[in-house]
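Enquirer:
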Amino acid sequence: MDAARRLFQSNIMAAAAVIIMNVIGSYVSSIGAGMACPDWPLCPFPPYSYHVLMEFLHRVWGLVVVAAIILSVLRARRVKAVGELRVAKTLVYTSLVVVMVQVGLGAIVVFTALLPELVALHQLLAQTILSLQVAAAGISWAATTRHVEKEQITARG
Ligand code: HEM
Numbered sequence: 001m002d003a004a005r006r007l008f009q010s011n012i013m014a015a016a017a018v019i020i021m022n023v024i025g026s027y028v029s030s031i032g033a034g035m036a037c038p039d040w041p042l043c044p045f046p047p048y049s050y051h052v053l054m055e056f057l058h059r060v061w062g063l064v065v066v067a068a069i070i071l072s073v074l075r076a077r078r079v080k081a082v083g084e085l086r087v088a089k090t091l092v093y094t095s096l097v098v099v100m101v102q103v104g105l106g107a108i109v110v111f112t113a114l115l116p117e118l119v120a121l122h123q124l125l126a127q128t129i130l131s132l133q134v135a136a137a138g139i140s141w142a143a144t145t146r147h148v149e150k151e152q153i154t155a156r157g
């Protein structure tokens, strides 16, 4: 399997992880569980209420999101920076920076007792990470398809 295809797969995994995170985050927000864990990074353990459990899930899933993005960075490093794949690499590296800022911002959201402007910024960064990974997926998929077409033409002679 070529490096572009592996990159595509990890982009899709990262995008899916962020979509799930959006659902968990909005749920945490709408049930009013944003301050269920008043500290950072840890939540009371074992979680003593449903709200704590949901905020705990949000933080644990944050680790899954970060892991998925790190995987996409590792795979992007194996892709040759030629043509549009150079752009895909840049998008993936940018998503790593943004997710690090997002984790820090998550802490600030808690320390400011859910300042609305910061919660909105937290949402904006989540959408940004999703867009970066989806755009990278589109590019890596296009590169994979082109690679397969080229192989077929060569095979046909
Ligand atoms: C691990 C560190 C993180 C912490 C401490 C954290 C903290 C929070 C808190 C407290 C809320 C609830 C805000 C409220 O009640 O209004 C929230 C919501 C949310 N979080 Fe996080 N978060 C973290 C990581 C992430 C990551 C990595 C993402 C996505 C990439 C994310 C996406 C969201 C979204 C989409 C919401 C819903 C915001 C809304 O209702 O508009 N969070 N987060």
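For the sequence shown, the numbering used here assigns the number 1 to the initial residue and increments by one for each residue that follows. A virtual CB, placed ideally from N, CA and C, is assigned to each residue, including glycine. Note that the coordinates shown come from a computational prediction; the quantities given were computed from them, not determined experimentally.
1. Run through the stretch 23 to 70 for me and flag every whole beta strand (DSSP E) of 3 or more residues, listed as ranges in chain order.
2. In this structure, how does DSSP classify threonine 112 when only helix, strand and coil are distinguished?
3. Does the stretch 84 to 98 come close enough to the stretch 122 to 137 to have 3 or more Cβ pairs within less than 8 Å?
4. Between the C-alpha atoms of methionine 100 and glycine 32, what's the straight-line distance to the nearest angstrom?
5. Please name the residue, chosen from Ala14, Ile153, Ala3, that lies closest to isoleucine 70 on a Cα-to-Cα basis.
6. Give a yes or no on contact between the stretch 62 to 69 and the stretch 96 to 116, applying the rule of three or more CB pairs nearer than 8 Å.
7. For leucine 130 and glutamine 123, what's the separation of their Cα atoms in angstroms?
8. Given the structure, does alanine 59 come close to the ligand HEM, in the sense that its CB is under 6 Å from one of the ligand's heavy atoms?
9. With three or more beta-carbon pairs closer than 8 Å as the criterion, would you say the stretch 138 to 155 touches the stretch 26 to 43?
10. How many Å lie between arginine 59 and glycine 83 at the Cα?
11. Isoleucine 129: beta carbon under 6 Å from a heavy atom of the ligand HEM?
12. Quick check: phenylalanine 8 and threonine 144, are their CB atoms within less than 7 Å of each other?
13. Beta-carbon separation of alanine 4 and valine 79 under 7 Å?
Expert: Taking the geometry as given:
1. The stretch 23 to 70 contains no whole beta strand (DSSP E) run of 3 or more residues.
2. Position 112 of the sequence shown, counting from 1, holds the residue named residue 112. The answer is coil: DSSP assigns threonine 112 none of H, G, I, E or B.
3. Touching, yes, given that three or more Cβ pairs across the two stretches are closer than 8 Å.
4. Reading the sequence shown from its first residue, position 100 is the one you call residue 100. Reading the sequence shown from its first residue, position 32 is the one you call residue 32. Answer to the nearest angstrom: the Cα atoms are 25 Å apart.
5. Translated into the one-based positions of the sequence shown, residue 70 becomes position 70. Nearest of Ala14, Ile153, Ala3 to isoleucine 70, Cα basis: Ala14.
6. Yes: the two stretches touch, three or more of their Cβ pairs being nearer than 8 Å.
7. As a first step, residue 130 must be located in the sequence shown, where it is residue number 130. As a first step, residue 123 must be located in the sequence shown, where it is residue number 123. If you draw a straight line from the Cα of leucine 130 to the Cα of glutamine 123, it is about 11 Å long.
8. Against the sequence shown, residue 59 aligns to sequence position 59. Note on residue identity: the sequence assigns arginine, not alanine, to residue 59. Answer for arginine 59: yes, Cβ within range of the ligand HEM.
9. no
10. Indexing the sequence shown from 1 puts residue 59 at position 59. Indexing the sequence shown from 1 puts residue 83 at position 83. Approximately 37 Å, taken between the alpha carbons.
11. For this step, residue 129 is matched to residue 129 along the sequence shown. Flag set: Cβ of isoleucine 129 near the ligand HEM.
12. Numbered from 1 along the sequence shown, position 8 holds the residue referred to as residue 8. Numbered from 1 along the sequence shown, position 144 holds the residue referred to as residue 144. Yes, the Cβ-Cβ distance between phenylalanine 8 and threonine 144 is below 7 Å.
13. Position 4 of the sequence shown, counted from the start, is the residue given in the question as residue 4. Position 79 of the sequence shown, counted from the start, is the residue given in the question as residue 79. Cβ atoms of alanine 4 and valine 79: closer than 7 Å.
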